[in-house]
Structure formats: structure tokens, C-alpha cells
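What follows is a short report on a single structure.
Numbering (the working numbering), first residue to last: 623 to 745.
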């Protein structure tokens, strides 16, 4: 399960979608992209292919009881042919594993929160 979570977040790092795909009733017309970083000691490292492979090797050796991620939800609008950034949202995600079960805790750290926590989790 942990490897599947890592791979899914890695895939989201490469995706750009319309906000309406996540929030169907949104009045804001913009693109959304994600940046996920995986916790390692006291830092978060961008979840690129190198980090993904490093975590895959770690997951093979042992199962983690907690996986922490930093998530930046980036919003851009198109103005006169230019991609203009809006204020981004910053979240912390904590996956906790115990006895074959998993809990997910998501905290919104700062930003306009164009996407609710429930919508972010459902996406």
C-alpha cells in the first residue's frame, strides 16, 4: 500500500488539470498542479524519480508506521496568453499505518484554499 501511495503522489507531481475537475461547482477558471515532497528526517524532498526509487527501496526493507508529505497546490490563470500564478495552497499529509489499516490526516497550512480538504482527499 505504501508503494502505491508514493507512486500516486509522484504521478500527481506531473499532472495539470482544470480546477473544475476537482471542484465541479467552482466559479474560478484556472489550472491546478501539484508538488509533493516526502519527509526525510527534518526536511521534505521533492518527490521526483530519484526520491521515488529511494523510498521504494526503503519500503521493501521495512514498512513505515507513518509517511509524511508536503503538498503545494498551485493555481494558474491564463491572462492574455500568459500563465499567471495565483496564491498557492500548502498542506501537510500524514499517512498512518497500523494493523492492516490506514488513517490519513490532512492539514491546510496556508493559502486561499480554493479546494476543500475533502475535495483534495477525494481527488
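Ideal placement from N, C-alpha and C gives every residue a C-beta, glycine not left out.
In DSSP terms, what residue i is bridged to
i: residue 637; result: The partner list for residue 637 (beta bridge, DSSP) is empty, contrary to what the question assumes.
i: residue 656; result: 695
i: residue 728; result: 715
i: residue 720; result: 723
Own chain partners of residue i with C-beta closer than 7 Å, once the 5 adjacent residues on each side are dropped
i: residue 650; result: 641, 736
i: residue 632; result: 669, 674
i: residue 623; result: 724
Assigned secondary structure, residue i (DSSP; H/G/I helix, E/B strand, else coil)
i: residue 672; result: helix
i: residue 664; result: coil
i: residue 736; result: coil
i: residue 578; result: What the structure shows of the chain is the stretch from 623 to 745, and residue 578 is not part of that stretch, so it cannot be assessed.
Close-in-space but distant-in-sequence residues of the same chain around residue i (CB under 6 Å, 5 per side omitted)
i: residue 727; result: 716
i: residue 742; result: none
Unbroken beta strand (DSSP E) run spanning residue i, endpoints
i: residue 689; result: 688 to 701
i: residue 706; result: 704 to 707
Cutoff 9 Å: residue i Cβ touching any chain B Cβ
i: residue 653; result: Going by chain labels, chain B is absent from the structure shown, which holds only one protein chain.
Supposed close pair residue i, residue j - CB separation, criterion 8 Å
i: residue 712; j: residue 696; result: Not quite, the Cβ-Cβ distance comes to about 10 Å (not below 8 Å), so this is no contact.
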